[in-house]
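See structure below.
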Amino acid sequence: MITRRTFSSSAALAYKRKGLPKDKKKKKGLVIPKTYPPREGDFLKVAIGGDVNGDIDTIYARATTWEKRNKQKIDVLLLCGDVQTVRNEQDMQTIVTPPKFYRRLNDFQKYYTGKEPAPIPTILIGGDHDTYNYFWQLYHGGWVAPNMYYMGFAGCVQVNGVRIAGVSGIHDKTHYRRGFFERIPWNGEQEFLSICATREFNIRKLSLLSTPNIFMSHEWPYGALTAGDVEDVMMRKKDMRKNIHVVNRVLGSKPLQSLMRTLQPPLWFSGHMQARYTAQIPHPYPKSSEIWTEEGPEVLLPAQQPSEEPAPEVPTTNFLALDRAIQGLAPGQYMEVIDVPIPPEQAEVLRSGAPAVLSFDPEWLAITRAFQPYMSLELKAAKIPDEATMRAAVQRELAWVQEHVMAGRDVLPLEEVQQCDTTAPPPGFKKIRKKPPVKYWPNAQTAAYCKMLQIENNIDSVMQETQPQNTRKKPKHSHILSSVLAEADELAKKAAAQEAGSAKPKEPIIDVATLGVMSTVEAATASA
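All letters in the sequence shown, in the order written, are residues 1 to 528 by this note's numbering.
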């Protein structure tokens, strides 16, 4: 039994068209109940939220209202991407959204500055409409604001014994097998789109985890749609009826489907589609290793033979996707509260009134050390050894982590190593009439994380090397081939001007990513 109650039926939750009732008197901030009745049972009270899109006040207001109404304390809130952690005007320029819709200063900046504390410990991942210039600074994970922890591009943490893993971004087959070649400021629309693309490098890292209790992704895994009531969600959501992937039953990420088959977590939460959806996904076969194959094909289930014996119980993943958190929508559509079992000793700690403790997961720390040499910061991804080799490497690194990091301790709280570092200025720090240039601010949390694991801090070093000289011209077209051709045309014009006796132009700066693509284009031209 995973939870004390199953997810409510999506069809049973209706929309409220008249909006939420307004209080007679406007309250300042969020009111947190000071006392709660004694907690019963050995469980962690977990709230899950859908896409926030900057309206963080809405989800926190709903959570605190739930606490007061039920006279229970929520231990941790999970947000499944598109939170939009906009710190200032520069961050607004890095969100992959239409400017007039989502590109705005939102609720987050007051949590970032500490003006208003987050009322509930919050764990979040990135989606496809997020501030990845900030997220890159915390690639391995870190506090984006006091009491708000970003899991990183991929990660796993523990909350009072409950293991929560997650991956940021969405699947894009064009960028899936590439390295992290992007540099701040993003070079045109192409890098806006590629930086939020999930990489195979991180999917392989996650595949070596022991089964977590909870997995978080922004995008739905492929196959989750057909495991639930498709007709119901199409009837409730107009956008789903128009989505060709929903109509043809091919929605979702196949790498995430492979990851689900490999990890087989009891609970999987997602956002992205802005629709509440539930499904139960059985795993009748042993854990898969298809992530480590070249293609990762779908596993076809054999035809069931009639039998008088009852079918044995198989591991099942309970999938839940949630709608966007907006006023006027029934709260059950965008937030769910569940109970997740925890060890009795951890339950006793929570019953004493102590807050939930977010801590490092030793196995994930070992995986990070084992994969660090294969993290590519160029367009071409590094070749990773086979699964057996990497599993053996993880076991060696786990022994190192237990000796040098955990040092005999069972729990290492995140706050002992990483403290929230507000390096970027708040909005309006300097009145700038024109658009301020996007800047990279190194974050001390990443340096502390790398120091703890004794690995190279290549996250900061690569940005600090390229930032002063990053004067690449933004391409007019989003396709990367068009960008290369445009840059080549510009170089040809400068060469012609130089031959004509013009002033000597400055040497162009071409990053590694562009050189890699140019090599690819040249190779394709030669083969043609």
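Glycine included, every Cβ here is placed at the ideal spot set by N, Cα and C. For clarity, every value in this text was computed on a predicted model and none was experimentally measured.
Measure the alpha-carbon distance for residue i versus residue j and round it to whole angstroms.
i: G179; j: L377; result: 6 Å
i: D51; j: M216; result: 12 Å
i: Q419; j: A61; result: 26 Å
i: Q333; j: N443; result: 35 Å
i: I125; j: L263; result: 18 Å
i: P362; j: G161; result: 12 Å
i: P119; j: R241; result: 37 Å
i: G408; j: A399; result: 11 Å
i: A424; j: V86; result: 11 Å
i: Q327; j: T58; result: 7 Å
i: I459; j: Q280; result: 38 Å
i: T94; j: H245; result: 28 Å
i: A448; j: P344; result: 32 Å
i: W136; j: P265; result: 27 Å
i: F319; j: D232; result: 16 Å
i: V357; j: A47; result: 15 Å
i: Y134; j: L322; result: 25 Å
i: D421; j: H140; result: 14 Å
i: G228; j: W268; result: 14 Å
i: T446; j: T368; result: 13 Å
i: Y285; j: S207; result: 16 Å
i: W143; j: R261; result: 30 Å
i: S258; j: E290; result: 6 Å
i: A354; j: D75; result: 10 Å
i: L414; j: M235; result: 43 Å
i: V405; j: R177; result: 32 Å
i: G41; j: M148; result: 26 Å
i: S194; j: S168; result: 12 Å
Just tell me which of the options has its CA closest to the CA of residue i.
i: A154; options: V162, E200, E191; result: E200
i: I56; options: K73, L78, D42; result: L78
i: V247; options: K237, D75, T131; result: K237
i: L365; options: K45, Q402, A382, I338; result: Q402
i: G166; options: C80, A145, A370, F108; result: C80
i: T389; options: L379, A370, R69, A382; result: A370
i: Y111; options: M463, P426, N457, V230; result: P426
i: D172; options: N187, M148, C156, A197; result: A197
i: K205; options: Y440, E219, K73, P373; result: P373
i: L225; options: N243, I214, P212, S210; result: N243
Quick one: give me the first and last residue of the beta strand (DSSP E) that residue i is part of.
i: R163; result: 162–167
i: F215; result: 214–217
i: W268; result: 267–270
i: I281; result: 277–282
i: F153; result: Segment: none, F153 is in no beta strand (DSSP E) and carries neither H nor E.
i: L320; result: 316–321
i: G142; result: 142–145
Please name the residue or residues paired with residue i in a DSSP beta bridge.
i: P341; result: F43
i: P221; result: S253
i: I170; result: A197
Within the continuous alpha helix (DSSP H) that includes residue i, where are the two ends?
i: I123; result: Not the alpha helix (DSSP H): I123 falls in the beta strand (DSSP E), residues 122–124.
i: L365; result: 362–371
i: Y176; result: First-last for Y176: undefined, no H or E at that position.
i: E182; result: That residue, E182, is in no alpha helix (DSSP H); it is neither H nor E in DSSP.
i: W136; result: 132–137
i: I326; result: Taken as a continuous stretch (DSSP letters only), I326 belongs to no alpha helix (DSSP H), as it is neither H nor E.
i: E231; result: 230–236
i: Q333; result: 331–334
i: K110; result: 108–112
Taking CB distances under 8 Å as the criterion, tell me whether residue i reaches chain D.
i: R391; result: In summary, chain D is missing from the structure at hand, where a single protein chain is found.
Going along the chain, which unbroken runs of the alpha helix (DSSP H) with 4 or more residues stay wholly within the segment 379–467? Taken in chain order, the complete alpha helix (DSSP H) segments of 4 residues or longer contained in the segment 379–467 are 387–401, 444–453, 458–466.
Completely contained alpha helix (DSSP H) runs for the segment 64–97, where each covers 4 or more residues: 89–92
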